[in-house]
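A.B. asks:
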Amino acid sequence: MLCRIVFVVMCFILSCAQAAALPEFNSRLLQQRSTDILWLKLMHYERVTSTRSGYLGAIKHPDFYLDENGRSDPIAELSATLTAFYAEGSSNDLHAQCRFPARYLWFKRWAPKQLTLPASVPCKAYEDWSEGENFQSISIVYVTGYLGNPASFYGHTFLKFNTAQKRSHDLDKTINFGAIVPDAENPITYILKGVFGGYDGGFSEVGYYFHTNNYGDNELRDMWEYELNVSAEDTALMAAHAWEILKKEYTYFFFKKNCAYRMAEIAELATGVNILDDKPVTIPQSLITAVHHASVKGQPLVKTMVYRPSRQSRLYDKYASLSAREKKLLHELVDDPKLLESDTYKHEPVASQQRVIETLLDYLQISRELEDRASNKINAFYQRALSERYRLPVGKASFVTASTAAPHEGRAPSLVQIGLRHNSAQGDGLLFRLRPAYYDVLDADKSHVADSVLSMGSAELLVEDSTVSLKRLSLIDLESVNAAVTGLPGDNGQSWKLNILIEPLDLRCDDCMAFKTQAYYGQSKRLTPHLLVGGYLGGVVQDNVSHNANVELAVRAFTNVTTGHRLSGTFFVESLTAVDNDASSRYKLGAELRAALSKVTDIRLVYDHDQAEELSLKLGFYF
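Just so we're aligned: the sequence shown equals residues -19 to -1, 1 to 604 in mature numbering (1 follows the signal peptide of the UniProt record, and there is no 0).
(1) Run the CB neighbour count on residue 13, radius 10 Å, all protein chains shown included, and call it buried at 16 or more, exposed below.
(2) Does at least one heavy atom of the ligand GDP sit under 7 Å from the Cβ of residue 171?
(3) How would you write the range of the beta strand (DSSP E) that residue 347 sits in, first residue to last?
(4) When the Cα of residue 446 is compared with those of 465, 364, 408, 473, which residue comes out closest?
(5) For a test of the three-state rule: what should DSSP assign to residue 125, helix, strand or coil?
(6) I'd like to check one pair, residue 189 with residue 150: are the Cβ atoms closer than 8 Å?
(7) Report the three-state DSSP secondary structure of residue 408 (helix, strand or coil).
(8) Could you tell me the distance, in whole angstroms, from the CA atom of residue 362 to the CA atom of residue 476?
(9) Quick one: any contact between the segment 423 to 439 and the segment 384 to 400, if contact means 3 or more CB pairs under 8 Å?
(10) Could you give the distance in angstroms between the alpha-carbon of residue 561 and the alpha-carbon of residue 180?
(11) Do residue 499 and residue 516 have their C-beta atoms closer together than 8 Å?
(12) May I ask you to verify whether the segment 98 to 105 touches the segment 116 to 124, counting CB pairs closer than 8 Å and requiring at least 3?
(13) Put residue 18 into one of helix, strand or coil per three-state DSSP.
(14) Taking C-alpha atoms, which residue in 483, 602, 431, 490 lies nearest to residue 416?
(15) Is it buried or exposed for residue 617, if we count other Cβ within 10 angstroms and need 16 for buried?
(16) Just how far apart, CA to CA, sit residue 336 and residue 384?
(17) Suppose the cutoff is 7 Å on Cβ atoms and the five residues either side in sequence are ignored; what does the same chain contact list for residue 2 look like?
(18) For residue 502, count the other beta carbons within 10 Å of its own beta carbon; 16 or more makes it buried, fewer makes it exposed. Which is it?
(19) Could you have a look at residue 74 and say whether DSSP puts it in helix, strand or coil?
(20) What's the C-alpha gap between residue 413 and residue 108?
(21) So within the segment 430 to 487, which uninterrupted beta strand (DSSP E) runs reach at least 3 residues, ignoring any that extend past its ends?
(22) To test your reading of the DSSP string, which unbroken alpha helix (DSSP H) runs of 4 or more residues are found completely within the segment 278 to 313?
(23) Do the segment 326 to 333 and the segment 283 to 301 touch if we need at least three Cβ pairs shorter than 8 Å?
(24) Does the structure place the segment 137 to 144 close enough to the segment 236 to 251 that three or more beta carbon pairs sit under 8 Å?
(25) Is residue 151 helix, strand or coil when you go by DSSP?
(26) Go to residue 85, then tell me how far its beta strand (DSSP E) extends in each direction, as first and last residue.
(27) If you draw a straight line from the C-alpha of residue 342 to the C-alpha of residue 311, how long is it?
(28) Who are the near neighbours of residue 216 in its chain, counting only those whose CB is closer than 7 Å to its CB and skipping five residues on each side?
(29) Taking the alpha helix (DSSP H) that residue 66 belongs to, which residues open and close that run?
(30) Could you have a look at residue 498 and say whether DSSP puts it in helix, strand or coil?
(31) Taking the straight line between their C-alpha atoms, what separation do you get for residue 441 and residue 484?
(32) Label residue 378 either buried or exposed according to how many other C-beta atoms from any shown protein chain fall within 10 Å of its C-beta, with 16 as the threshold for buried.
(33) Tell me the rounded alpha-carbon separation between residue 585 and residue 420.
(34) Which value, in whole angstroms, describes the spacing of the CA atoms of residue 49 and residue 81?
(35) Quick one: what's got a C-beta closer than 8 Å to residue 449's C-beta in the same chain, skipping five residues either side?
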């Protein structure tokens, strides 16, 4: 009986002690801390006019907010969070300290000195994920654009958590943000829904090796790591917040609240880091430029930068550094693998054999079908070449690696132009053009796809006699050119072009606007480092304006020329044949020359012939 009484008394004392451990937070303190900039960032609150508080959380996942009104009430969410930190938990990993470790780190930073902090709760799941909170630093990784997938047109960014352990960094963790898209979604639907917020987006975690394989080996995209120069305390906070937002849902927007925007939000948790701007568009390359030029506590925000070339970039660098004799031998081996056993090959110097075989291995990897690359399926020739490399002496072959400019060194993505136009049928006028993003054949530079085009929403206005009219509205302008650098089978120069636009039927009239869709497929070849030629077969589908043809077949030839970093030009000639009426065949030709005046300005001379002639001179400003 006495033991039972003692037990009851002790339980009462312990319960009182637990109740006392939860301090009273007065309303003034809650009000003050709920407007703390770091608290607002951790909760992803955004300014709105539709809620009483003026805030609404960007995260739609209900489990992210502890109070039922927490998504729109920062004070209520803060009160619920602090209460949860002091609560007893039946399962440690479900405790608020474990679910929201970044919030808890923030709380401990400002907690009043006279306050007794809650007992620390062991969080096995988070400790396992963060490897005992052993992340040495964090890098923002930039992946170059990829025209094979609308989701990757503008490049991609993700976060990489660098460990101090002596192991392959391919095993480092990363977090990735992207749209949650149904399987087999067509590209046009993806673009439209992505632009107007038709998808949810979320964070996922994968190993770095997945990105090096998927981006570098399968999609043949270069990667750049920008290691951030932030304190260990801020690194821990950023990693803890990454844990909090894994698998949480946001509304995804293709041009603004995308992967670059969400990565910048996490980076801005570090003290003194400001890299987001108020521009209506957030492009991954712009984020990288902002990161590189930012500073923290008087020091550059970027500590180190590492370039991870794709397998294709490595192949092109290796091929370019081969001698003429070595290139000839490589082509012979590709045509006839049995030559690996021949005297022709074996009598070559060992250094040449190493260089040829290492180039061959990269070629055999990228020449596989994409499905085979993704499944890592290899053929007997690759196995034979790999065995041959093992037979040769240990050590990497000697190659001359071409210097590659980093993406942050490129120009800004948006372009505005003003110019003068003379049209042989319509007379003179002023031109005003806005291209929100991203690049064309002549101004593609760092990290863009060379000789290609990526532009959406480009609008050009014409002013004649104080009258303003639409000259051209390009909704989608895409061109993907494979330069066939090596000339080896598989590196075959397959190219394509797609335009969806509104423009006059031809240059004789400004008031005969037609909606057009143009699609082309063809081949291209780089003849010299400064000259590329190519040709397309395709078709045009357009409105029936002035009894024109609705469908035309097109044959197009083009060439791109560069004479250095500042001068470039493109020329084309095209034949169009009507399919659905008796309209006569016609031809078009055009030329555009560009001179870069500085990193932010250029001047272009444009000539077009399409039933009439037009010449224009345009001054461009990049921003």
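Note that CB positions come from ideal geometry on N, CA and C, so glycine has one too.
C.D. replies: Concretely, from the data shown:
(1) The count along the sequence shown starts at 1 and reaches residue 13 at position 32. Burial call: exposed.
(2) Looking for the ligand GDP in the displayed structure turns up nothing, as the structure carries no ligands at all.
(3) Walking along the sequence shown from the start, residue 347 turns up at place 366. Unbroken run through residue 347 is the alpha helix (DSSP H), 331 to 347; no beta strand (DSSP E).
(4) Here residue 446 corresponds to residue number 465 of the sequence shown, with the count starting at 1. With distances taken between Cα atoms, residue 446 lies closest to 408.
(5) To locate residue 125, count along the sequence shown from 1; it is residue 144. In this structure, residue 125 counts as coil in the three-state DSSP scheme.
(6) Mapped onto the sequence shown, residue 150 falls at position 169. Mapped onto the sequence shown, residue 189 falls at position 208. The Cβ-Cβ distance between residue 150 and residue 189 falls below 8 Å.
(7) Against the sequence shown, residue 408 aligns to sequence position 427. In this structure, residue 408 counts as strand in the three-state DSSP scheme.
(8) Stepping through the sequence shown from its first residue, residue 362 is reached at position 381. Stepping through the sequence shown from its first residue, residue 476 is reached at position 495. Computed Cα separation, rounded: 27 Å.
(9) Result yes; three or more Cβ-Cβ pairs closer than 8 Å.
(10) Residue mapping note: residue 561 aligns to position 580 of the sequence shown, counting from 1. Residue mapping note: residue 180 aligns to position 199 of the sequence shown, counting from 1. For residue 561 and residue 180, the distance between alpha carbons rounds to 39 Å.
(11) For the purposes of this step, residue 499 is identified with residue 518 of the sequence shown, where counting begins at 1. For the purposes of this step, residue 516 is identified with residue 535 of the sequence shown, where counting begins at 1. No; because the gap between Cβ atoms is not below 8 Å, this pair is not in contact.
(12) Flag = no, the segment 98 to 105 and the segment 116 to 124 do not touch.
(13) Residue mapping note: residue 18 aligns to position 37 of the sequence shown, counting from 1. In the displayed model, residue 18 falls within a helix according to three-state DSSP.
(14) If you number the sequence shown from 1, residue 416 lands on position 435. Residue 602 is the option with its Cα nearest to residue 416.
(15) Examination of residue 617 is not possible in this model, given that the chain is present from -19 through 604 alone.
(16) As a first step, residue 336 must be located in the sequence shown, where it is residue number 355. As a first step, residue 384 must be located in the sequence shown, where it is residue number 403. Near 19 Å, if we compare the C-alpha coordinates of residue 384 and residue 336.
(17) Within the sequence shown, numbered from 1, the residue matching residue 2 stands at position 21. Legend: pLDDT at residue 2 = 49, less than 50; position of this residue unreliable, no value from coordinates given.
(18) For this step, residue 502 is matched to residue 521 along the sequence shown. In this structure residue 502 is exposed. Its beta-carbon is surrounded by fewer than 16 other beta-carbon atoms within 10 angstroms.
(19) Your numbering for residue 74 matches position 93 in the sequence shown. Looking at residue 74 - three-state DSSP - the assignment turns out to be helix.
(20) As a working note, residue 413 is residue 432 in the sequence shown. As a working note, residue 108 is residue 127 in the sequence shown. Each residue's Cα considered, the two are about 57 Å apart.
(21) 434 to 445, 448 to 461, 475 to 485
(22) 292 to 302
(23) no
(24) yes
(25) Counting from one through the sequence shown, the residue named residue 151 turns up at place 170. In the structure shown, residue 151 sits in a helix (DSSP, three-state: H, G or I).
(26) For the purposes of this step, residue 85 is identified with residue 104 of the sequence shown, where counting begins at 1. Here residue 85 belongs to no beta strand (DSSP E); instead the alpha helix (DSSP H) covers 82 to 91.
(27) For this step, residue 342 is matched to residue 361 along the sequence shown. For this step, residue 311 is matched to residue 330 along the sequence shown. Those two C-alpha atoms are separated by around 11 Å.
(28) Sequence index remark: in the sequence shown, residue 216 carries index 235 (1-based). Excluding residues within five positions, the ones whose Cβ falls inside 7 Å are 116, 118, 119.
(29) Position 85 of the sequence shown holds residue 66. Element bounds for residue 66: 55 to 67.
(30) In the sequence shown, residue 498 corresponds to position 517, counting from 1. Three-state result, residue 498: strand.
(31) Residue mapping note: residue 441 aligns to position 460 of the sequence shown, counting from 1. Residue mapping note: residue 484 aligns to position 503 of the sequence shown, counting from 1. Going by the C-alpha atoms only, they are around 10 Å apart.
(32) Taking the sequence shown and counting its residues from 1, one reaches residue 378 at position 397. Buried, by the Cβ-count rule.
(33) Mapped onto the sequence shown, residue 585 falls at position 604. Mapped onto the sequence shown, residue 420 falls at position 439. So the alpha carbons of these two residues sit roughly 14 Å apart.
(34) To locate residue 49, count along the sequence shown from 1; it is residue 68. To locate residue 81, count along the sequence shown from 1; it is residue 100. Cα-Cα distance, rounded: 17 Å.
(35) The sequence position of residue 449 within the sequence shown is 468, counting from 1. Excluding positions up to five away in sequence, the list reads 442, 443.
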